[in-house]
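Protein chains in written order, with UniProt numbering: chain V, 1 to 349; chain C, 1 to 349. Read through the structure below, which is laid out as structure tokens, and then see the notes.
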DNA sequence: TTAATTTACGCAATCGATTCCGTTAACTAT
DNA sequence: ATAGTTAACGGAATCGATTGCGTAAATTAA
């Protein structure tokens, strides 16, 4: 297996009797090179199979045109769509995307942070791991002026770009919707409360109950570790076996919500008549389960696109940009069968 | 916003009164440097906040410790798991992962190929776009001795590493399963026939029919463009409206299979009694739909891990490795409710 | 026609890490 | 004690692209 040698701008220079400087400038459409020469050089480059070496250019310019992504897990519908949005936006701008997953481990997050830093990324997009509390591992990016965009699972105590949805309002709307459907005793499947998203959703839930004069019952609020299918099953079973079971569930994600629907059906409890259910995320399973799951749409791909755009804009601007800019995206409630106790959606005031 | 200067091995050299050569060697545990010095230098590096510059090292060594991934779309369960497997394996070996999606466009695949090449990736993992026929854009990797691993959607006419499942056998087993359940007229939702995976699945389907003495009816074989939910719906409706409708469907993916189940239910056709359905992939929706979807499990994450390992092994070996090595992974039939016409699974001979 | 610009390019340093050759000092064998 | 060996390190080129500064030729202005 013979390995062809790399064609560099020096080869082009020798071949065309120009200096490497001119070759470089021509390839970058520098204004001081005549149109004729640019055309000539570009055609020769194409023909000789020249391909730029990003490592060399990156070293010289101290940037890699690469966006780093640090998330918990790739194989979750929300995360996959988020990355997809990032990738599309980045690529259109000629940037690459480096991905790394923490598997929700603090330690992995730190180590991935370092590795991404070592690649001299243009910017970092992060959705925090479940475990993360300390934020020191992000400091080196700040020190070097490398923008960080926290997305979805964001820190409370770190000044940086943030792209989130309005979890509070979404949680409030979901709960209110159940109330409007006639639910009197609404349970909540809550996620880890040190993560903003789950904390805010719960807050919305609580406020909706309060403002509609419903009592808050602690035994109707289940705190999950991972909001998994199995956890959802257990919790639902327990709730439905209560002497006074809930007539509605607002779950902080779709996985647990779907498990609730399936568990209820198995136990002979009618959804939505006896138990109305609403989830969060609008995962593909939401529209497949029967009855189909009402939920909150999470604009994952859009969040990814916006996050990438933040990085690109930041690095395009030399002037001081406001690092603390927070983008809050709206969500929409997707009403399907699982919550339609009354058969209709009431118009909210 | 003050930007801290980068700490380089030259800074360390000056600070510790060593030469940059020694610093570099120490950080790489070179044997010609004493243990004492290595410890000293590493501690100082840590303390001074030194972080290696991958761009510089990559330029010098002409490699980036980065694996490039080129797939159609990230936000599909199979692809997300594939990437997840790649990422985990790569990271354990200290490699980064660059991703790019073609959105099933030939043009994007070419352009992404170039971009990944420009980053001097260690190796490339590809699942072909739907459109791709020509393979010229991969030649430059071959010329440079950069290994390519084709995974799942692989080319027929290109000598390289390949990681696939046994689509033929899987298609055969799925069909045979339906036959054993008593189906006499089995329809097939086929994907684009220029892609190995769909072609092989169809072959398996055809052979299973033949070997069990069932006739092959062209009007029961539907060729899909994208195997989407909508396409599945239309196809199912059309099939079930036939004067002599099928009593089973083997779909080349789960999305279309699920749409078939839901469509049949809507039309008052009982699944599996009147229509047995089996899909392909074991997506999350397969276990959620009711009746739950029998399907073929696709070891996505494992395929990703193996693909990454191929690249890592190849680049670790200086001796000539066999580029044409093909890894064929087994699949398993996952029998759920949608195909259990008889209520039991027959033991295959 | 001559000075003042403008155009179109070349020279050489630079980015940070690596590595091929040394070189010096300490150590070992005889 | 001396040659030979080893351990521990330094010098300087190198990877490929970029760019500030400089310059010769061409063009324009006066």
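Glycine residues also receive a C-beta, built at the ideal position from the N, C-alpha and C atoms.
At least 8 Å separates the beta-carbon of residue 4 of chain C from that of residue 136 of chain V. Looking at V:21, V:153, V:48, the one whose alpha-carbon comes closest to that of residue 303 of chain V is V:153. By the criterion of at least three beta-carbon pairs nearer than 8 Å, the segment 257–271 of chain V is in contact with the segment 282–302 of chain V.
Judged by beta-carbon spacing, residue 204 of chain C lies within the 8 Å limit of residue 171 of chain C, meaning their Cβ atoms are closer than that value. Taking C-beta atoms as the reference points, residue 124 of chain C and residue 148 of chain C count as a pair closer than 8 Å. At a cut-off of 8 Å between beta carbons, residue 81 of chain V contacts chain C. Annotated three-state conformation of residue 239 of chain V is helix, per DSSP. Excluding its 5 nearest sequence neighbours in each direction, residue 21 of chain V has no C-beta neighbour in its own chain below 6 Å. Taking a Cβ-Cβ threshold of 7 Å, the residues of chain C close to residue 115 of chain V are 96, in chain order. In the three-state reduction of the DSSP assignment, residue 18 of chain C falls in the coil class, being assigned neither a helical nor a strand state. One thing to note: residue 178 of chain V has its Cβ no nearer than 8 Å to the Cβ of residue 286 of chain V. In terms of CA proximity to residue 167 of chain C, C:195 leads the group C:23, C:195, C:182. Within the same chain, and ignoring the five residues on either side of residue 83 of chain V in sequence, the residues whose Cβ sits closer than 7 Å to its Cβ are 69, 74, 99, 304. The segment 112–132 of chain C makes no contact with the segment 43–54 of chain C, as fewer than three CB pairs between them are under 8 Å. Take the alpha-carbon of residue 24 of chain C and the one of residue 114 of chain V: they are about 18 Å apart. If you draw a straight line from the Cα of residue 247 of chain V to the Cα of residue 187 of chain V, it is about 8 Å long. If one requires a minimum length of 3 residues, the beta strand (DSSP E) runs lying completely within the segment 251–334 of chain V are 276–278, 295–297, 326–329, 332–334, in chain order. Two segments are said to touch when three or more pairs of C-beta atoms, one from each, lie closer than 8 Å; by this definition the segment 238–255 of chain C touches the segment 264–283 of chain C. In summary, residue 307 of chain V is buried, with 16 or more beta-carbon neighbours lying within 10 Å of its beta-carbon over all protein chains present.
Chain C places no beta carbon closer than 8 Å to that of residue 25 of chain V, leaving this residue out of the contacts.
Residues of the UniProt domain "HTH lacI-type" (7–61) of chain V that bring their beta carbon within less than 8 Å of a beta carbon in chain C comprise 49, 51, 52, 53, 54, 55, 56, 58, 59, in sequence order. Annotation for residue 101 of chain C: the continuous beta strand (DSSP E) segment containing it runs 96–101. Contact annotation: in the segment 282–293 of chain V, residues whose CB is within less than 7 Å of a CB in chain C are 284, 285, 288, 289, 290.
Runs of the beta strand (DSSP E) spanning 3 or more residues and lying entirely within the segment 124–199 of chain V occur at 148–151, 161–165, 186–190, in chain order. About 5 Å separates the Cβ atoms of residue 122 of chain V and residue 315 of chain V, confirming a contact at the 8 Å cut-off. The closest CA to that of residue 217 of chain C, considering only C:225, C:298, C:227, C:206, is found on C:206. The C-beta of residue 181 of chain V has 16 or more other C-beta atoms within 10 Å across all chains shown, which makes the residue buried. When DSSP states are grouped into helix, strand and coil, residue 227 of chain C belongs to the coil group. Contact check for residue 294 of chain C against residue 251 of chain C fails: the beta carbons are separated by 8 Å or more.
Checking the DSSP bridge columns, you'll see residue 67 of chain C partnered with C:97, C:123. Contact between residue 190 of chain C and residue 222 of chain C holds, since their C-beta atoms are separated by about 7 Å, short of 8 Å.
Against residue 84 of chain C, the close residues of chain V are 73, 74, 75, 101, in the order they occur along the chain (beta-carbon pairs closer than 8 Å).
Between residue 65 of chain C and residue 95 of chain C, the gap from beta carbon to beta carbon is short of 8 Å. Separation of residue 97 of chain C and residue 139 of chain C (C-alpha to C-alpha, rounded to the nearest whole angstrom) is 21 Å. With the criterion set as a beta carbon lying under 8 Å from some beta carbon of chain V, the members of the segment 140–161 of chain C are 140, 143, 144, 145, in sequence order. Judged by DSSP secondary structure, residue 111 of chain C falls within the alpha helix (DSSP H) whose first and last residues are 106–118.
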